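Each remark here refers to the structure printed beneath this line.
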Amino acid sequence: MSNTNSTTTTATNGFAQAVQPISNQVITTDTQGLVAGFVNIPVKDGEIPVYRAQPDTGDNFPIVLVIQEIFGVHEHIQDIARRFAKLGYLAIAPELFIRQGDVSKLSNIDEIRPIVATVPDAQVLSDLDDTIAWAVKSAKGNGDRVGITGFCWGGRTTWLYAAHNPQIKAGVAWYGRLLGDTTERQPQHPVDVASKLTVPVLGLYGGQDAGIPLDTVEKLKEQLKSSSSKSEVIVYPDAPHAFLADYRPSYRETEAKDGWERLQAWFKQHGL
Numbered sequence: 133m134s135n136t137n138s139t140t141t142t143a144t145n146g147f148a149q150a151v152q153p154i155s156n157q158v159i160t161t162d163t164q165g166l167v168a169g170f171v172n173i174p175v176k177d178g179e180i181p182v183y184r185a186q187p188d189t190g191d192n193f194p195i196v197l198v199i200q201e202i203f204g205v206h207e208h209i210q211d212i213a214r215r216f217a218k219l220g221y222l223a224i225a226p227e228l229f230i231r232q233g234d235v236s237k238l239s240n241i242d243e244i245r246p247i248v249a250t251v252p253d254a255q256v257l258s259d260l261d262d263t264i265a266w267a268v269k270s271a272k273g274n275g276d277r278v279g280i281t282g283f284c285w286g287g288r289t290t291w292l293y294a295a296h297n298p299q300i301k302a303g304v305a306w307y308g309r310l311l312g313d314t315t316e317r318q319p320q321h322p323v324d325v326a327s328k329l330t331v332p333v334l335g336l337y338g339g340q341d342a343g344i345p346l347d348t349v350e351k352l353k354e355q356l357k358s359s360s361s362k363s364e365v366i367v368y369p370d371a372p373h374a375f376l377a378d379y380r381p382s383y384r385e386t387e388a389k390d391g392w393e394r395l396q397a398w399f400k401q402h403g404l
């Protein structure tokens, strides 16, 4: 069952323009047995659109925050939310760039990066807090069983949110950047917060990722040794960046399937 909010301007039926052409390996998950679509939810300074997917019967669902890539909440991120819903989760993917711009309409990543660079981490973390609150109040979610997973930009956010909200059960970060310049908008990065983590996070990285040097992955692992989180980091030696992104040439089926299985086991291990 589809429940798309027609008033949501960023609700797209397909992929972001910047990720065309689409690979023929793309995975499509249907909405049979689900409530799935965009809705607007309240946040501190108004409303933001989110894509949510959940079983159409039952309640008290474990919640998974699904955090977008730089390209926004396009079809791939929506499909991942539906995959979680098929497993019995309430999955929610908020449009975390919407105040700064609708990146789904842009055809060039060089147009997207400056917009995303203006998104303050504090705004993102606050929006995710509000997303959980909405999930519990309005979408039959269980606030005591919350997890988070994210991809690329969302992978970085996954580490930061796990540090921000110690009440969540677990996180899985897919190829998120670990170090960078410190700015007013981005005062900390995953390596900076890793030693203080209490939430267990599984990091999944590609050994051939040109944008995330392996020495930064090693720095993260070193910092995690002094945390109490029992987080883990897996590096797939032959995988590039975005190896789960089945709509792109970077997709690697073997590593993607292994990572997805590890995610499910990690969530179950930690009460999700």
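With positions in the sequence shown counted from 1, the corresponding number in my numbering is that position plus 132. Just so it is clear, CB atoms sit at the ideal spot from N, CA and C, and this is done for glycine as well. As the structure is a computational prediction, the values presented were derived from the model and not from experiment.
**Prompt:** Using a Cβ-Cβ cut-off of 7 Å (strictly less than) and excluding sequence neighbours within five positions of Ala271, which residues of its own chain qualify?
**Reply:** In the same chain as Ala271, and ignoring 5 residues on each side of it, the C-beta atoms closer than 7 Å to its own belong to Arg184, Gln186, Leu222, in chain order.
**Asked** What's the call for Thr160, buried or exposed, on a 16-neighbour Cβ count within 10 Å?
**Response** Around the beta carbon of Thr160, fewer than 16 other beta carbons lie within 10 angstroms, which makes this residue exposed.
**Asked** Which stretch, first to last residue, makes up the beta strand (DSSP E) that contains Gln186?
**Response** For Gln186, the enclosing beta strand (DSSP E) begins and ends at 178 to 187.
**Message:** Going by beta-carbon coordinates alone, are Leu329 and Gly339 separated by less than 8 Å?
**Reply:** No, the Cβ-Cβ distance between Leu329 and Gly339 is not below 8 Å.
**Request:** Measuring alpha carbon to alpha carbon, tell me which of Leu311, Gly343, Ser382 ends up nearest Gln355.
**Result:** By alpha-carbon distance to Gln355, the top candidate from Leu311, Gly343, Ser382 is Leu311.
**Message:** Considering only their Cβ atoms, is the gap separating Val205 from Ala225 smaller than 8 Å?
**Reply:** Against a cut-off of 8 Å, the Cβ pair of Val205 and Ala225 comes out as a contact.
**Prompt:** Which residue's Cα is closest to the Cα of Asp114: Ala305, Arg309, Gly391, His321?
**Reply:** Since the displayed the chain opens at 133 and closes at 404, residue 114 lies outside it and no answer follows.
**Prompt:** So what's His402 in DSSP terms, helix, strand or just coil?
**Reply:** Reduced to three states, the DSSP call for His402 is coil.
**Message:** Check this for me: beta carbons of His402 and Lys301, under 8 Å apart or not?
**Reply:** With a cutoff of 8 Å on beta-carbon distance, His402 and Lys301 are scored as near each other.
**Asked** Measuring CA to CA, which of Ala305, Gly273, Val367 is closest to Phe193?
**Response** Nearest to Phe193 by C-alpha distance, out of Ala305, Gly273, Val367, is Gly273.
**Prompt:** Are there 16 or more other CB atoms within 10 angstroms of the CB of Gly220, so buried, or fewer, so exposed?
**Reply:** Label assigned to Gly220: exposed.
**Prompt:** Does the beta-carbon distance from Leu352 to Ala326 come in below 8 Å?
**Reply:** Their beta carbons are under 8 Å apart, which means Leu352 touches Ala326 by this criterion.
**Message:** Between the alpha carbons of Ile230 and Gly286, how many angstroms are there, rounded?
**Reply:** A direct Cα-to-Cα measurement between Ile230 and Gly286 gives close to 15 Å.
**Asked** Can the beta-carbon of Pro332 be found less than 8 Å from the beta-carbon of Lys357?
**Response** With a cutoff of 8 Å on beta-carbon distance, Pro332 and Lys357 are scored as not near each other.
**One or two residues paired with Phe203 in a DSSP bridge** = BP columns for Phe203 are empty, so no partner.
**Proximal residues to Lys400 (C-beta, below 8 Å), its chain only, five neighbours per side dropped** = Contacts found: none.
**Prompt:** Is the beta carbon of Ile173 sitting closer than 8 Å to the one on Thr263?
**Reply:** For the 8 Å CB-CB criterion, Ile173 and Thr263 form a contact.
**Asked** Which residues in the same chain have their Cβ closer than 8 Å to the Cβ of Leu166, if we skip the five residues on either side of it in sequence?
**Response** Hits under 8 Å: Met133, Ala185, Gln186, Pro187, Asp188, Arg214, Ala217, Lys218.
**Asked** Would DSSP call Val268 helix, strand or coil?
**Response** Helix, per DSSP.
**DSSP bridge partner residues for Asn297 (one or two, in chain order)** = Answer is none; Asn297 lacks a bridge partner.
**Asked** Under 8 Å, do Ile199 and Thr289 count as touching if we go by C-beta distance?
**Response** The answer is yes: Cβ separation under 8 Å.
**Request:** Quick one: grab the DSSP three-state call for Gly391.
**Result:** Helix, per DSSP.
**Length-filtered (4 minimum) alpha helix (DSSP H) runs lying within the stretch 193 to 263** = Taking 4 residues as the minimum length, the alpha helix (DSSP H) runs contained wholly in the stretch 193 to 263 are 207 to 218, 241 to 248, in order along the chain.
**Request:** Return the first residue and the last residue of the beta strand (DSSP E) that Leu356 is part of.
**Result:** Segment 346 to 356 is the alpha helix (DSSP H) holding Leu356; no beta strand (DSSP E) there.
**Proximity to Val304 [Cα-Cα], best of Gly233, Ser359, Pro319, Trp392** = Nearest C-alpha to Val304: Trp392.
**Prompt:** The alpha helix (DSSP H) with Val325 in it runs from where to where?
**Reply:** Segment 322 to 325, the alpha helix (DSSP H) holding Val325.
**Asked** In this structure, does DSSP put Leu376 in helix, strand or coil?
**Response** In this structure, Leu376 counts as coil in the three-state DSSP scheme.
**Asked** Under three-state DSSP, which class holds Thr289?
**Response** Thr289: helix per DSSP, three-state reduction.
**Request:** Can you grab the Cα-Cα spacing for the pair Ile209 / Ala168, in whole Å?
**Result:** When rounded, the distance between both Cα atoms is 13 Å.
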